[in-house]
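To keep things clear, I will list the structure first and then write my remarks on it.
Number of protein chains: 2
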Amino acid sequence: MRKDSIKIGLLGLGTVGTGVVKVLKENGENIQKKVGVPVTIEKVLVRDINKKRKVELLPGKLTTNVDDILEDPTIDIVVEVMGGENPALSYIIKALHKGKQVVTANKELIAKHGKEIFEAADCTTSDILFEASVCGGIPIVRPLKRCLAGNKIESIMGIVNGTTNYILTKMTKEGAEFKDVLREAQEKGYAEADPSADIDGHDAIRKIVILASIAFNTRVSLDQVYFEGIRKIEQVDIQYAKELGYTVKLLAIARDDNNEIEVRVHPAFIPNTHPLAAVSDVYNAVFVKGNAVGETMFYGKGAGELPTASAVVGDIIDAARNLVHENKGRISCTCFENKKVKSPEEIVSKYYVRIQVLDQPGVLASLAAAFGNNQVSLKSVIQTRARGEKAEVVVITHDIKEKNILKSIQDLKNLAVVDEVSNVIRVEDI
Amino acid sequence: MRKDSIKIGLLGLGTVGTGVVKVLKENGENIQKKVGVPVTIEKVLVRDINKKRKVELLPGKLTTNVDDILEDPTIDIVVEVMGGENPALSYIIKALHKGKQVVTANKELIAKHGKEIFEAADCTTSDILFEASVCGGIPIVRPLKRCLAGNKIESIMGIVNGTTNYILTKMTKEGAEFKDVLREAQEKGYAEADPSADIDGHDAIRKIVILASIAFNTRVSLDQVYFEGIRKIEQVDIQYAKELGYTVKLLAIARDDNNEIEVRVHPAFIPNTHPLAAVSDVYNAVFVKGNAVGETMFYGKGAGELPTASAVVGDIIDAARNLVHENKGRISCTCFENKKVKSPEEIVSKYYVRIQVLDQPGVLASLAAAFGNNQVSLKSVIQTRARGEKAEVVVITHDIKEKNILKSIQDLKNLAVVDEVSNVIRVEDI
Chain Z
1 MRKDSIKIGL LGLGTVGTGV VKVLKENGEN IQKKVGVPVT IEKVLVRDIN
51 KKRKVELLPG KLTTNVDDIL EDPTIDIVVE VMGGENPALS YIIKALHKGK
101 QVVTANKELI AKHGKEIFEA ADCTTSDILF EASVCGGIPI VRPLKRCLAG
151 NKIESIMGIV NGTTNYILTK MTKEGAEFKD VLREAQEKGY AEADPSADID
201 GHDAIRKIVI LASIAFNTRV SLDQVYFEGI RKIEQVDIQY AKELGYTVKL
251 LAIARDDNNE IEVRVHPAFI PNTHPLAAVS DVYNAVFVKG NAVGETMFYG
301 KGAGELPTAS AVVGDIIDAA RNLVHENKGR ISCTCFENKK VKSPEEIVSK
351 YYVRIQVLDQ PGVLASLAAA FGNNQVSLKS VIQTRARGEK AEVVVITHDI
401 KEKNILKSIQ DLKNLAVVDE VSNVIRVEDI
Chain U
431 MRKDSIKIGL LGLGTVGTGV VKVLKENGEN IQKKVGVPVT IEKVLVRDIN
481 KKRKVELLPG KLTTNVDDIL EDPTIDIVVE VMGGENPALS YIIKALHKGK
531 QVVTANKELI AKHGKEIFEA ADCTTSDILF EASVCGGIPI VRPLKRCLAG
581 NKIESIMGIV NGTTNYILTK MTKEGAEFKD VLREAQEKGY AEADPSADID
631 GHDAIRKIVI LASIAFNTRV SLDQVYFEGI RKIEQVDIQY AKELGYTVKL
681 LAIARDDNNE IEVRVHPAFI PNTHPLAAVS DVYNAVFVKG NAVGETMFYG
731 KGAGELPTAS AVVGDIIDAA RNLVHENKGR ISCTCFENKK VKSPEEIVSK
781 YYVRIQVLDQ PGVLASLAAA FGNNQVSLKS VIQTRARGEK AEVVVITHDI
831 KEKNILKSIQ DLKNLAVVDE VSNVIRVEDI
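From first to last, the protein sequence lines are chains Z and U. Using this note's numbering, the first residue of the first sequence is number 1, and each one after it goes up by one. Using this note's numbering, the first residue of the second sequence is number 431, and each one after it goes up by one.
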């Protein structure tokens with residue numbers, strides 16, 4: 001029977017939930033014309049009905065009982081914007097088993113429980129849509145799944161976390177140190193009170209794991225991949241990068257190297273001439289290379305109330321159109337391959353290594369030997385900033401496996417002339 | 431009955447058609463897993479069966495008779511990559527009336543005959559997909575129609591033509607003049623022997639008319655809009671732009687100004703700090719602003735055999751998936767509004783005006799009066815390059831309607847102290 005309206009059950013009324021309510025209200029007429037029938041919020045699950053809200057909803061819409069949504073046969077689409085793993089996971093699974101469409105912004109769930117969620121969706125041929133789980137409003141999930149579906153994706157490189165990009169941009173533009181910029185970011189609301197999810201790369205690795213799984217048609221799990229955040233970046237590293245023609249970014253990388261997949265997040269030097277180098281402040285960008293399309297980039301606001309709501313509502317419209325035309329669950333999970341995921345130590349990179357040494361003859365020879373003994377060849381060596389007996393040496397290596405660099409670092413630390421290996425940052429000559 | 435294969439009829443085997451054959455061959459296995467059944471080219475319409483081709487096709491695949499495709503009930507998707515208006519239009523219409531899915535790369539057809547084409551598609555509830563008609567491989571049509579469907583789109587700004595962007599980039603980086611760079615572009619294959627479609631803005635205006643129609647849900651026609659190419663850009667203009675902090679680009683603009691639509695293509699000064707300013711050479715980029723997503727940009731190769739084929743094959747996969755799931759024609763034309771399209775003379779811009787004058791006292795006062803009498807106020811005035819009796823004056827105006835600038839230019843030309851109005855370029859302080 002043809003639907004004459006689409007009813008939504010919203011799980012959560014925090015930042016993103018509030019954005020969804022606002023967008024559906026502000027653009028409701030236009031959305032109705034696109035879908036063909038009205039799209040309305042029927043119920044909203046909250047923890048506290050009496051809490052003061054930024055948006056007004058009709059009386060009776062709020063509930064603290066999730067079954068008012070999941071057990072209501074008139075609710076067509078469940079929109080999960082509550083975040084966290086549980087109970088969000090069980091709610092989504094139940095909604096799918098009930099044959100409801102599901103839209104989510106939850107990268108945690110998709111990255112960790114994608115298989116279970118897609119299997120639940122298949123049971124009732126329902127849609128599970130998650131554009132908002134990666135880079136907020138920037139279209140990237142649907143373009144990868146659909147527009148670029150004719151490609152073999154070769155690589156994805158992204159600046160996918162706004163907090164760390166804001167901090168690194170500030171450090172680069174103003175010469176400030178990490179701790180000071182982090183504090184300022186927290187004051188301005190660009191970083192959380194506990195910033196570790198962003199700063200230490202947890203947020204970014206979840207996003208790139210989702211993108212890699214789509215791009216390479218292989219389910220990648222979090223325990224297979226390496227990630228590292230920006231806590232160790234010092235102003236002096238940013239200065240060296242500048243001198244050498246690079247910018248420091250927290251880079252999320254996914255690559256198909258002859259059917260072996262690399263997925264990783266870490267700070268990286270990228271050439272100043274690369275489009276990603278110009279992506280600043282809280283903006284995100286994802287650079288995709290396919291064997292037909294070549295290089296393409298998607299850029300925009302990767303977080304925030306309205307940008308994330310834009311992606312959620314785009315998915316709501318898609319799910320709604322599918323219901324109106326009585327066709328859902330068409331594009332299921334596309335993880336039909338089983339490509340090997342490279343262990344991090346096998347991944348090849350160039351490296352920047354900053355070392356504090358004794359300022360005496362023969363030091364460079366010792367350093368070069370420590371690298372050479374581990375098959376690491378050096379592209380450039382800079383010795384600067386001799387202060388009294390100490391000096392600072394910066395090397396850029398040629399391409400080498402991570403395991404070789406790790407051994408080199410160990411050997412360097414054992415040298416009498418080495419005071420400290422201050423930092424090691426990958427160099428991506430993209 | 432469930433489909434066990436998808437058969438394509440390809441109209442044309444030029445650059446894009448060749449690309450489509452290559453991509454379907456190279457990525458065929460992966461595409462089959464995504465669609466669920468094999469996707470193969472059944473027949474290809476060509477003008478000359480004996481012409482030497484860059485791709486190999488099985489004997490019997492080529493035909494000079496379009497009805498071998500349009501009248502063949504086993505052919506599911508007609509892919510039109512022959513270009514031109516006729517007979518491509520009649521072929522597409524016939525294919526749709528026969529209930530076949532249609533994928534096209536033809537901006538001419540979609541820009542000029544969208545209404546007729548969509549009505550034909552509606553007759554048989556078939557899909558008409560045209561991602562490749564705008565900016566080659568860059569996903570922009572589907573993101574606008576789907577990912578950003580929750581937004582009211584406020585504006586679209588694009589560098590949508592690779593030939594002109596290549597020329598302007600070269601002029602900017604190398605200080606060369608237009609004619610020399612055009613000749614070099616032709617030698618390298620970046621510009622046609624007859625370059626007017628690109629150079630004079632015809633290509634760009636078709637693309638932005640399509641994007642505007644989608645974005646503002648209003649069918650915009652070519653006769654409603656203003657366009658101008660880059661033939662009048664001189665090196666001196668590029669130098670002034672640099673001095674003033676701008677870059678010269680051929681900009682395609684679509685804006686919703688309180689439900690009145692502006693659509694135009696013309697050279698423009700854009701601030702060096704804007705992401706579009708960094709889009710160089712043959713690359714394209716489309717900058718979209720929506721009331722939820724904020725600013726987002728799509729960047730990549732806007733033309734070329736494989737990038738354009740990437741978009742065509744993405745649409746083929748979409749059409750194929752719809753057939754396999756027995757659901758096509760879900761998203762029809764979305765031109766359900768009837769917004770007014772502003773006449774070009776009502777459009778407000780800032781302007782750069784370069785004028786040759788007699789080098790004598792009172793000249794600037796005369797110029798200022800000519801502008802002032804037409805309500806044009808001046809943001810900055812530069813007088814430079816006095817050579818003997820002549821001098822060059824450059825002004826940047828504040829926002830003003832085009833009709834006022836046109837009158838000002840006329841009045842300037844009538845001044846005795848004015849030798850020539852050398853150039854007028856819009857300034858977009860985006």
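Just so it is clear, CB atoms sit at the ideal spot from N, CA and C, and this is done for glycine as well. Predicted model only: the values in this text are computed from it and were never measured.
Integer-rounded CB distance, given that residue j should sit under 8 Å from residue i
i, j, result
"ILE835 (chain U)", "TYR781 (chain U)", "5 Å"
"ILE590 (chain U)", "CYS565 (chain U)", "Position check: residue 590 (chain U) holds Val in this sequence, whereas Ile was assumed. Yes, they are in contact, since the Cβ atoms of VAL590 (chain U) and CYS565 (chain U) sit about 6 Å apart, within 8 Å."
"LEU148 (chain Z)", "VAL288 (chain Z)", "7 Å"
"GLU456 (chain U)", "ASN284 (chain Z)", "Actually they are not in contact, since the Cβ atoms of GLU456 (chain U) and ASN284 (chain Z) sit about 31 Å apart, beyond 8 Å."
"VAL417 (chain Z)", "LEU358 (chain Z)", "5 Å"
"VAL476 (chain U)", "LEU492 (chain U)", "5 Å"
"VAL469 (chain U)", "VAL742 (chain U)", "So it is not a contact: roughly 12 Å between Cβ atoms."
Counted within 10 angstroms of its Cβ, other Cβ atoms place residue i as buried (16 or more) or exposed
i, result
"ARG817 (chain U)", "exposed"
"PHE298 (chain Z)", "buried"
"SER310 (chain Z)", "buried"
"ASP506 (chain U)", "buried"
"HIS398 (chain Z)", "exposed"
"PHE766 (chain U)", "exposed"
"PRO275 (chain Z)", "buried"
"ASN50 (chain Z)", "exposed"
"ASP42 (chain Z)", "Per the sequence shown, the amino acid found at residue 42 (chain Z) is Glu instead of Asp. The residue in question, GLU42 (chain Z), is buried, as its Cβ has 16 or more Cβ neighbours within 10 Å."
"ASN536 (chain U)", "buried"
"ARG142 (chain Z)", "buried"
"ALA431 (chain Z)", "Missing from the structure shown is residue 431 (chain Z); chain Z here goes from 1 to 430 and no further."
"LYS94 (chain Z)", "buried"
"LEU488 (chain U)", "exposed"
"GLU561 (chain U)", "buried"
"GLY372 (chain Z)", "exposed"
"ASN844 (chain U)", "exposed"
One or two residues paired with residue i in a DSSP bridge
i, result
"PRO139 (chain Z)", "In DSSP, PRO139 (chain Z) forms no bridge with anything."
"VAL357 (chain Z)", "Z:ALA391, Z:VAL418"
"VAL46 (chain Z)", "None; VAL46 (chain Z) has no bridge partner."
"GLY290 (chain Z)", "Z:ILE153, Z:GLY294"
"VAL263 (chain Z)", "Z:ALA254"
"LYS268 (chain Z)", "One point to set straight first is that residue 268 (chain Z) is Ala, not Lys, in the sequence displayed. Looking at the DSSP assignment, ALA268 (chain Z) forms a beta bridge with Z:LYS249, Z:ARG426."
"TYR299 (chain Z)", "Z:ALA285, U:MET727"
When the options are compared against residue i, the one with the closest alpha-carbon
i, options, result
"GLU346 (chain Z)", "Z:GLU42, Z:ASP257, Z:ILE49, Z:ALA193", "Z:ASP257"
"LYS401 (chain Z)", "Z:PRO361, Z:VAL393, Z:SER343, Z:GLN383", "Z:SER343"
"LEU10 (chain Z)", "Z:GLN101, Z:PRO275, Z:VAL348, Z:GLU116", "Z:GLN101"
"ASP434 (chain U)", "U:GLN805, U:ASP630, U:HIS755", "U:HIS755"
"LYS731 (chain U)", "U:GLN462, U:LEU487, U:ILE547, U:GLY592", "U:GLY592"
"THR448 (chain U)", "U:LEU736, U:ILE839, U:VAL467, U:GLY759", "U:LEU736"
"VAL37 (chain Z)", "Z:ILE138, Z:ARG321, Z:GLU420", "Z:ARG321"
"GLY294 (chain Z)", "U:GLY442, U:GLY588, U:PRO569", "U:PRO569"
"VAL35 (chain Z)", "Z:THR334, Z:ALA319, Z:VAL55", "Z:ALA319"
"ILE644 (chain U)", "U:THR764, U:ILE855, U:LEU797, U:ILE629", "U:THR764"
"ASN804 (chain U)", "U:LYS528, U:ASP557, U:GLY792, U:SER838", "U:SER838"
"VAL496 (chain U)", "U:VAL474, U:VAL485, U:GLY659", "U:VAL474"
"TYR246 (chain Z)", "Z:ILE253, Z:PRO267, Z:ARG231", "Z:PRO267"
"GLU858 (chain U)", "U:VAL678, U:GLY619, U:ILE785, U:SER810", "U:VAL678"
"LEU244 (chain Z)", "Z:ILE233, Z:PRO87, Z:VAL363, Z:ILE396", "Z:ILE396"
"ILE425 (chain Z)", "Z:ARG146, Z:LEU412, Z:GLU174, Z:GLU234", "Z:GLU234"
"PRO87 (chain Z)", "Z:ALA204, Z:ARG219, Z:GLY12", "Z:GLY12"
"VAL450 (chain U)", "U:GLY734, U:VAL771, U:SER779, U:ASN768", "U:GLY734"
Contact test: residue i Cβ vs the ligand NAD heavy atom, cutoff 7 Å
i, result
"GLY362 (chain Z)", "The ligand content of the structure shown is nil, which means the ligand NAD is not present either."
Inset, instruction - With a floor of 4 residues, list each alpha helix (DSSP H) that falls wholly inside the stretch 226-261 of chain Z, ordered by position along the chain. - result: 235-243
Legend entry - Minimum length 4: unbroken alpha helix (DSSP H) runs contained in the stretch 125-196 of chain Z: 162-174, 178-188
Legend entry - Runs of alpha helix (DSSP H) lying entirely within the stretch 435-510 of chain U, each at least 4 residues, in chain order: 445-456, 458-465, 497-500
Inset, instruction - List in chain order: all unbroken alpha helix (DSSP H) runs of 4+ residues lying wholly within the stretch 312-339 of chain Z. - result: none
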